[in-house]
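**Q** Numbering (this note's numbering), first residue to last: 375 to 618. Note that CB positions come from ideal geometry on N, CA and C, so glycine has one too. Keep in mind the model is a prediction, meaning the values are calculated, not measured.
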Amino acid sequence: MGARCPICASGEITENSRAFGCSRFQAGCGFTIWKRVAGHELSGTEVQALIEQGVTGVIDDLRARSGRVFAARLRLDAAGRVALDFARTDAIGAATDAAHSGPDPARRGARVAAATALAVPAPATALATTPTSASAPTVAAAAASTAPLEVVPLRCPRCGQGQIIEGRRGYGCNRYREGCDFVVWKEIAGHRLSIAELRQLIQGNSLGPLDDLRDAAGQPLTGRIRLGAGAEVELVPEEPPDPS
375 MGARCPICAS GEITENSRAF GCSRFQAGCG FTIWKRVAGH ELSGTEVQAL IEQGVTGVID
435 DLRARSGRVF AARLRLDAAG RVALDFARTD AIGAATDAAH SGPDPARRGA RVAAATALAV
495 PAPATALATT PTSASAPTVA AAAASTAPLE VVPLRCPRCG QGQIIEGRRG YGCNRYREGC
555 DFVVWKEIAG HRLSIAELRQ LIQGNSLGPL DDLRDAAGQP LTGRIRLGAG AEVELVPEEP
615 PDPS
C-alpha cells in the first residue's frame, strides 16, 4: 500500500493474501490488520482509514460467533491492535455515524450510556436500568469492583470475542477496555438476575413471564426480559389477563 506503519513509523504497510502488516515484522514490529474481521471483509478505504485516522466509519454487517449481526466501528488501540468501537444507537437500535477523528471522552460516554440503557420496544414501558444511584451507568461501574473479577464461562454476545465477567453490580465483557460496552445489570426492573437466567439471556432465550418486575413508578409489572438485535437488554411487558 505504501503507507507508513502507524506503530513503528519506520516500516511500510505491505499486503499478503490474508492481511496487511508492517514491512519491519522481521525486526520485531508486529502491526497487523487482518482482511477479515468479525465476518466482514475490509475494503481498501477501511484499511486506509484505520492506518491514517485510527478508526473506520460504522460497519453494519459484523457478525458475532453466534451469528448475530451487529454494528460497530473498528479502531486501533494504543498497542496498534484492531478493536471494536461500538457505534451509538438511536432509540430503535439503528447505528448512527458522525465525523470522528480521534478519542472523544464525551462521545464515548454518550455511547456507553446509550448502550447500557434499556432499549424498550413499543409498547414497552421505560424502566430504570441500574440500582438507585446518583452516578450515571457505565461499563466500568458494572464490571469493576475492589474484589477480583470473576469470569463467567460465557462468550460475549455483542463482540463475540470477550468473556463475561462478574462485577459488583453487573455482568460485562472483559474487553470493555477495548471498546465492547456490553452490560447486563444484576438487578433489572426490581428483578434480581441469577447466573442461570444470565446464561439463558446470553444464549438468546427470553426470561419470563416474570411477575416480580416493577416499572419506573414502582408499580408491579409482569413481563419478559430479553436481548435485542444489538445485544441490548429489552423489557417487554405482558398484557394483563382479561378478568372476564
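1. My assumption, with CB atoms under 8 Å, is that L458 sits in contact with A446. Please give the rounded CB distance.
2. How close, in whole Å, do the beta carbons of I539 and L575 come, if the pair is a contact with beta carbons under 8 Å?
3. What whole-angstrom Cβ distance do K560 and R588 have, given they're in contact under 8 Å?
4. With 16 other CB atoms within 10 Å as the buried threshold, where does E415 fall?
5. According to DSSP, what are the bridge partners of E561?
6. Looking only at its own chain, which residues have a Cβ that is under 7 Å from the Cβ of T430, when we skip the five neighbours before and after it?
7. Can you tell me whether I401 is buried or exposed, with buried defined as 16 or more other CB within 10 angstroms of its CB?
8. Starting from F444, follow its DSSP beta bridges and name the residues at the other end.
9. So, for Q535: in the same chain, excluding its five sequence neighbours on each side, which residues have a beta-carbon less than 7 Å away from its beta-carbon?
10. Using a threshold of 7 Å, state whether the C-beta atoms of T596 and E571 are closer than that.
11. Select from R455, D555, D586 the residue whose C-alpha is nearest the C-alpha of H565.
12. Quick check: I407 and V456, are their CB atoms within less than 7 Å of each other?
13. Mind checking who G353 pairs with in its DSSP beta bridge?
14. So is V443 buried or exposed if we call it buried at 16+ other beta carbons inside 10 Å?
15. Do you know how far the Cα of D451 is from the Cα of G385?
**A** Straight from the coordinates:
1. By a beta-carbon distance limit of 8 Å, L458 contacts A446. Their separation comes to about 5 Å.
2. Going by Cβ atoms, the distance from I539 to L575 rounds to 15 Å, so no, they are not a contact pair.
3. At roughly 15 Å, the Cβ-Cβ gap does not stay under 8 Å, so K560 and R588 are not in contact.
4. E415 is classed as exposed because its beta carbon has fewer than 16 other beta carbons within 10 Å across all chains shown.
5. Under DSSP, the beta-bridge partners assigned to E561 are R566.
6. Within its own chain, the residues whose Cβ lies closer than 7 Å to the Cβ of T430, once the five positions on either side in sequence are excluded, are E420, A423, L424, R447, L448, listed in chain order.
7. Correcting the residue identity first, residue 401 is Ala in this sequence and not Ile. Exposed, because fewer than 16 other Cβ atoms sit within 10 Å of the Cβ of A401.
8. Paired residues: L436.
9. Cβ within range, chain order: R549.
10. Not a contact, by the Cβ cut-off of 7 Å.
11. Among R455, D555, D586, the Cα nearest to that of H565 belongs to D586.
12. In contact: I407 and V456 (Cβ atoms closer than 7 Å).
13. For the chain, the structure presents residues 375 to 618; residue 353 sits outside this window and is missing.
14. In this structure V443 is exposed. Its beta-carbon is surrounded by fewer than 16 other beta-carbon atoms within 10 angstroms.
15. Spanning the two alpha carbons is a distance of roughly 19 Å.
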